[in-house]
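Below is one structure, written out as C-alpha coordinates; comments come after it.
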Amino acid sequence: MSALVRALDLLTMIGESHDGLSLTDISEKAELPLPTAHRLLKSLEVQGFIRRDSVSLLYYAGRRLLRLSAMVRRETLAHSAGVDLAALSQRFNETAMLTQLIDGRAVCVALVESRRPLHLSVQVGRTVPLHAAASARVLYSDFPREQVEELLEGHDFERLRPSTPGNVGEVMQHLEAIRHNGYDVCDNEFDVDMWATAAPVRDASGTIIAGVTLVTPGERSGPPEARQEFIRAVTETAADIQAAIGGTPKVDA
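Residue numbers are given in UniProt numbering: position 233 of the sequence shown equals residue 233, and the series is strictly consecutive.
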(Lines of atoms letter the chains of each structure in order from A; the text may use other names.)
(Lines give C-alpha, C1' and ligand atoms only; values in the text may rest on other atoms or scores of the structure.)
Protein backbone atom coordinates (compact mmCIF):
# COMPACT_ATOMS: atom_id res chain seq x y z
CA MET A 1 0.00 0.00 0.00
CA SER A 2 1.40 3.40 -1.01
CA ALA A 3 2.11 6.19 1.47
CA LEU A 4 -0.56 8.31 -0.27
CA VAL A 5 -3.27 5.70 0.26
CA ARG A 6 -2.22 5.27 3.89
CA ALA A 7 -2.32 9.04 4.44
CA LEU A 8 -5.80 9.23 2.91
CA ASP A 9 -6.95 6.42 5.18
CA LEU A 10 -5.67 8.35 8.19
CA LEU A 11 -7.41 11.53 7.02
CA THR A 12 -10.68 9.65 6.65
CA MET A 13 -10.30 8.09 10.08
CA ILE A 14 -9.57 11.41 11.79
CA GLY A 15 -12.25 13.24 9.84
CA GLU A 16 -14.89 10.77 10.99
CA SER A 17 -13.85 11.07 14.64
CA HIS A 18 -15.54 13.79 16.68
CA ASP A 19 -13.64 13.11 19.90
CA GLY A 20 -10.11 12.98 18.54
CA LEU A 21 -7.77 9.99 18.22
CA SER A 22 -4.47 9.17 19.90
CA LEU A 23 -1.40 7.98 18.04
CA THR A 24 -1.94 4.51 19.50
CA ASP A 25 -5.60 4.47 18.40
CA ILE A 26 -4.65 5.46 14.87
CA SER A 27 -1.78 2.99 14.69
CA GLU A 28 -4.01 0.11 15.79
CA LYS A 29 -7.00 1.04 13.60
CA ALA A 30 -4.79 1.52 10.53
CA GLU A 31 -2.69 -1.54 11.37
CA LEU A 32 0.48 0.50 11.03
CA PRO A 33 3.63 0.45 13.15
CA LEU A 34 3.77 3.42 15.53
CA PRO A 35 6.79 5.04 13.78
CA THR A 36 5.06 4.80 10.38
CA ALA A 37 1.81 6.22 11.69
CA HIS A 38 3.66 9.03 13.45
CA ARG A 39 5.60 9.93 10.30
CA LEU A 40 2.45 10.11 8.18
CA LEU A 41 0.57 12.09 10.81
CA LYS A 42 3.44 14.55 11.12
CA SER A 43 3.37 15.19 7.38
CA LEU A 44 -0.40 15.74 7.43
CA GLU A 45 -0.06 18.05 10.43
CA VAL A 46 2.63 20.15 8.74
CA GLN A 47 0.35 20.56 5.70
CA GLY A 48 -2.55 21.70 7.89
CA PHE A 49 -4.84 18.76 7.15
CA ILE A 50 -4.86 17.62 10.78
CA ARG A 51 -3.94 19.16 14.11
CA ARG A 52 -2.64 17.69 17.36
CA ASP A 53 -3.91 19.06 20.64
CA SER A 54 -0.92 20.09 22.75
CA VAL A 55 -2.57 19.00 26.01
CA SER A 56 -4.47 15.80 25.20
CA LEU A 57 -2.10 14.87 22.32
CA LEU A 58 -5.17 13.75 20.36
CA TYR A 59 -5.42 14.29 16.61
CA TYR A 60 -8.32 16.23 15.06
CA ALA A 61 -9.30 17.47 11.62
CA GLY A 62 -7.23 20.50 10.66
CA ARG A 63 -8.06 23.71 8.85
CA ARG A 64 -7.45 22.39 5.34
CA LEU A 65 -9.43 19.19 5.88
CA LEU A 66 -12.34 21.17 7.31
CA ARG A 67 -12.21 23.53 4.34
CA LEU A 68 -12.32 20.62 1.88
CA SER A 69 -15.20 19.09 3.80
CA ALA A 70 -17.12 22.37 3.66
CA MET A 71 -16.57 22.62 -0.10
CA VAL A 72 -17.94 19.12 -0.62
CA ARG A 73 -20.98 19.85 1.57
CA ARG A 74 -21.71 23.04 -0.40
CA GLU A 75 -21.52 21.25 -3.73
CA THR A 76 -23.64 18.36 -2.44
CA LEU A 77 -26.26 20.71 -1.04
CA ALA A 78 -26.45 22.78 -4.23
CA HIS A 79 -26.84 19.59 -6.27
CA SER A 80 -29.47 18.13 -3.93
CA ALA A 81 -31.44 21.36 -3.96
CA GLY A 82 -31.48 21.64 -7.75
CA VAL A 83 -34.69 19.70 -8.35
CA ASP A 84 -36.57 21.51 -5.57
CA LEU A 85 -35.39 24.92 -6.76
CA ALA A 86 -36.44 24.10 -10.32
CA ALA A 87 -39.89 23.01 -9.13
CA LEU A 88 -40.28 26.20 -7.10
CA SER A 89 -39.22 28.35 -10.04
CA GLN A 90 -41.50 26.55 -12.49
CA ARG A 91 -44.50 26.72 -10.17
CA PHE A 92 -44.53 30.51 -10.30
CA ASN A 93 -42.31 31.09 -13.34
CA GLU A 94 -40.08 33.21 -11.13
CA THR A 95 -36.42 33.02 -10.07
CA ALA A 96 -35.42 30.71 -7.21
CA MET A 97 -32.00 30.57 -5.58
CA LEU A 98 -29.98 28.99 -2.80
CA THR A 99 -27.59 31.03 -0.66
CA GLN A 100 -24.97 30.11 1.93
CA LEU A 101 -22.83 32.01 4.41
CA ILE A 102 -19.24 31.46 3.24
CA ASP A 103 -16.34 33.23 4.96
CA GLY A 104 -18.70 35.83 6.38
CA ARG A 105 -20.37 36.57 3.03
CA ALA A 106 -23.79 35.63 1.70
CA VAL A 107 -23.13 33.82 -1.57
CA CYS A 108 -25.55 32.55 -4.22
CA VAL A 109 -24.60 28.89 -4.79
CA ALA A 110 -27.48 27.79 -7.03
CA LEU A 111 -29.94 29.66 -9.22
CA VAL A 112 -32.90 28.73 -11.42
CA GLU A 113 -33.95 31.73 -13.49
CA SER A 114 -37.41 32.74 -14.59
CA ARG A 115 -38.24 32.60 -18.28
CA ARG A 116 -39.85 36.01 -17.88
CA PRO A 117 -37.85 39.25 -17.93
CA LEU A 118 -36.10 39.92 -14.62
CA HIS A 119 -33.33 42.44 -14.01
CA LEU A 120 -31.55 40.69 -11.15
CA SER A 121 -27.98 41.47 -10.15
CA VAL A 122 -27.41 38.15 -8.37
CA GLN A 123 -25.75 35.24 -10.17
CA VAL A 124 -24.14 32.01 -9.00
CA GLY A 125 -20.93 32.83 -7.16
CA ARG A 126 -21.89 36.43 -6.46
CA THR A 127 -22.63 37.87 -3.05
CA VAL A 128 -25.67 39.71 -1.76
CA PRO A 129 -25.50 42.44 0.90
CA LEU A 130 -25.72 40.97 4.38
CA HIS A 131 -28.07 43.72 5.55
CA ALA A 132 -30.18 44.32 2.46
CA ALA A 133 -31.55 40.96 1.33
CA ALA A 134 -33.81 38.32 2.82
CA SER A 135 -31.63 35.69 1.13
CA ALA A 136 -28.73 36.88 3.30
CA ARG A 137 -30.48 37.61 6.60
CA VAL A 138 -32.01 34.13 6.95
CA LEU A 139 -28.46 32.70 6.96
CA TYR A 140 -27.55 34.31 10.28
CA SER A 141 -30.99 34.69 11.81
CA ASP A 142 -30.10 32.40 14.73
CA PHE A 143 -27.04 34.45 15.69
CA PRO A 144 -27.21 36.29 19.03
CA ARG A 145 -26.82 40.05 18.78
CA GLU A 146 -23.12 39.93 19.75
CA GLN A 147 -22.38 37.56 16.88
CA VAL A 148 -24.46 39.65 14.48
CA GLU A 149 -22.48 42.74 15.46
CA GLU A 150 -19.24 40.83 14.90
CA LEU A 151 -20.42 39.62 11.48
CA LEU A 152 -21.48 43.13 10.44
CA GLU A 153 -18.48 44.93 11.96
CA GLY A 154 -17.19 47.38 9.36
CA HIS A 155 -20.10 46.51 7.04
CA ASP A 156 -21.32 49.25 4.70
CA PHE A 157 -24.95 49.81 5.65
CA GLU A 158 -25.69 51.59 2.41
CA ARG A 159 -29.36 52.45 2.11
CA LEU A 160 -29.74 51.17 -1.43
CA ARG A 161 -33.48 51.91 -1.28
CA PRO A 162 -35.68 53.75 1.27
CA SER A 163 -36.72 50.39 2.80
CA THR A 164 -33.15 49.06 3.17
CA PRO A 165 -32.11 48.44 6.81
CA GLY A 166 -29.50 51.03 7.77
CA ASN A 167 -28.02 49.71 11.00
CA VAL A 168 -27.67 46.64 13.22
CA GLY A 169 -30.83 47.50 15.15
CA GLU A 170 -32.95 47.45 12.00
CA VAL A 171 -31.35 44.20 10.87
CA MET A 172 -32.11 42.67 14.28
CA GLN A 173 -35.80 43.46 13.77
CA HIS A 174 -35.74 41.31 10.65
CA LEU A 175 -33.88 38.51 12.44
CA GLU A 176 -36.39 38.48 15.28
CA ALA A 177 -39.22 38.24 12.73
CA ILE A 178 -37.45 35.32 11.01
CA ARG A 179 -37.14 33.47 14.33
CA HIS A 180 -40.84 34.00 14.98
CA ASN A 181 -42.22 33.43 11.47
CA GLY A 182 -39.66 31.10 9.89
CA TYR A 183 -39.08 33.34 6.87
CA ASP A 184 -38.00 36.82 5.81
CA VAL A 185 -39.28 39.25 3.20
CA CYS A 186 -37.57 42.11 1.42
CA ASP A 187 -39.51 44.61 -0.65
CA ASN A 188 -37.47 46.93 -2.87
CA GLU A 189 -34.41 46.75 -0.59
CA PHE A 190 -31.65 45.58 -2.94
CA ASP A 191 -32.58 45.33 -6.63
CA VAL A 192 -34.99 48.02 -7.84
CA ASP A 193 -38.68 47.13 -7.48
CA MET A 194 -37.94 43.52 -6.54
CA TRP A 195 -39.86 41.53 -3.93
CA ALA A 196 -38.41 38.38 -2.37
CA THR A 197 -39.04 35.92 0.40
CA ALA A 198 -36.53 33.50 1.93
CA ALA A 199 -36.52 30.63 4.42
CA PRO A 200 -33.64 28.83 6.16
CA VAL A 201 -32.43 25.25 5.62
CA ARG A 202 -30.96 23.43 8.64
CA ASP A 203 -28.59 20.48 8.98
CA ALA A 204 -28.90 17.47 11.28
CA SER A 205 -27.86 19.56 14.29
CA GLY A 206 -30.48 22.22 13.57
CA THR A 207 -27.87 24.74 12.41
CA ILE A 208 -28.79 26.96 9.46
CA ILE A 209 -26.60 26.06 6.49
CA ALA A 210 -28.48 27.67 3.58
CA GLY A 211 -31.44 29.75 2.53
CA VAL A 212 -34.07 29.27 -0.19
CA THR A 213 -35.29 32.43 -1.89
CA LEU A 214 -37.93 33.27 -4.49
CA VAL A 215 -37.54 36.61 -6.28
CA THR A 216 -40.12 38.43 -8.38
CA PRO A 217 -40.73 41.98 -9.60
CA GLY A 218 -42.96 43.81 -7.14
CA GLU A 219 -45.63 44.26 -9.79
CA ARG A 220 -45.83 40.48 -10.28
CA SER A 221 -45.90 39.61 -6.59
CA GLY A 222 -49.55 40.58 -6.41
CA PRO A 223 -51.78 41.35 -3.39
CA PRO A 224 -51.03 40.14 0.16
CA GLU A 225 -52.82 36.80 -0.34
CA ALA A 226 -50.71 36.05 -3.43
CA ARG A 227 -47.54 36.89 -1.53
CA GLN A 228 -48.58 34.48 1.22
CA GLU A 229 -48.67 31.74 -1.42
CA PHE A 230 -45.07 32.59 -2.38
CA ILE A 231 -44.06 32.47 1.29
CA ARG A 232 -45.72 29.10 1.88
CA ALA A 233 -44.05 27.64 -1.20
CA VAL A 234 -40.61 28.87 -0.15
CA THR A 235 -40.92 27.54 3.41
CA GLU A 236 -42.15 24.19 2.05
CA THR A 237 -39.26 24.00 -0.42
CA ALA A 238 -36.76 24.78 2.33
CA ALA A 239 -38.32 22.03 4.46
CA ASP A 240 -38.12 19.55 1.57
CA ILE A 241 -34.42 20.29 0.97
CA GLN A 242 -33.80 20.09 4.71
CA ALA A 243 -35.47 16.68 4.91
CA ALA A 244 -33.51 15.42 1.89
CA ILE A 245 -30.17 16.15 3.58
CA GLY A 246 -31.24 14.76 6.95
CA GLY A 247 -31.77 18.17 8.51
CA THR A 248 -33.96 18.88 11.48
CA PRO A 249 -36.06 21.86 12.57
CA LYS A 250 -34.70 24.13 15.25
CA VAL A 251 -35.49 22.97 18.77
CA ASP A 252 -36.02 25.90 21.11
CA ALA A 253 -34.18 25.60 24.41
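The beta carbon of each residue, even a glycine, is placed where N, CA and C say it ideally should be.
Distance CB(residue i)-CB(residue j) smaller than 8 Å
| i | j | result |
| --- | --- | --- |
| Leu40 | Ala87 | no |
| Ala30 | Met13 | yes |
| Ala134 | Val185 | yes |
| Tyr140 | Val148 | yes |
| Ala210 | Thr95 | no |
| Leu152 | His131 | yes |
| Arg67 | Tyr59 | no |
| Leu23 | Leu65 | no |
| Asp187 | Pro217 | no |
| Ala110 | Gly82 | yes |
| Gly20 | Ser69 | no |
| Phe92 | Phe230 | yes |
| Thr197 | Tyr183 | yes |
| Ser80 | Val112 | no |
| Val212 | Thr237 | yes |
Buried versus exposed, by CB contacts within 10 Å (16 or more), residue i
| i | result |
| --- | --- |
| Gly247 | buried |
| Leu124 | Per the sequence shown, residue 124 should be read as Val rather than Leu. With fewer than 16 other Cβ atoms within 10 Å, it is exposed. |
| Asp103 | exposed |
| Asp84 | buried |
| His180 | exposed |
| Arg63 | exposed |
| Leu34 | exposed |
| Ala226 | exposed |
| Asp191 | buried |
| Val234 | buried |
| Gln242 | buried |
| Glu176 | exposed |
| His189 | Before going on, a small fix: residue 189 reads as Glu here, not His. Buried, since its Cβ has 16 or more Cβ neighbours within 10 Å. |
| Arg137 | buried |
| Thr5 | First, the amino acid is wrong: residue 5 is Val here, not Thr. Answer is exposed; the Cβ neighbour count stays below 16. |
| Thr207 | exposed |
| Ala61 | buried |
| Ala3 | exposed |
| Ser54 | exposed |
| Ser121 | exposed |
Residue i, DSSP secondary structure in three states
| i | result |
| --- | --- |
| Leu152 | coil |
| Gln147 | helix |
| Asp19 | coil |
| Thr12 | helix |
| Ile245 | coil |
| Arg159 | coil |
| Thr207 | coil |
| Pro35 | helix |
| Arg237 | A small correction: the amino acid at residue 237 is Thr; Arg does not occupy that position in the sequence shown. In this structure, Thr237 counts as helix in the three-state DSSP scheme. |
| Pro224 | helix |
| Ala132 | coil |
| Thr216 | strand |
| Asp142 | coil |
| Thr197 | strand |
| Asp25 | helix |
Minimum Cβ-Cβ distance from residue i to chain C less than 8 Å
| i | result |
| --- | --- |
| Asp240 | Absent here is chain C; the protein component of the structure consists of one chain. |
Runs of alpha helix (DSSP H) lying entirely within the segment 43-126, each at least 4 residues, in chain order: Entirely contained in the segment 43-126, the alpha helix (DSSP H) runs reaching 4 residues are, in chain order, 63-92.
Could you tell me whether the segment 197-206 touches the segment 40-51, where touching means 3 or more Cβ pairs closer than 8 Å? Flag = no, the segment 197-206 and the segment 40-51 do not touch.
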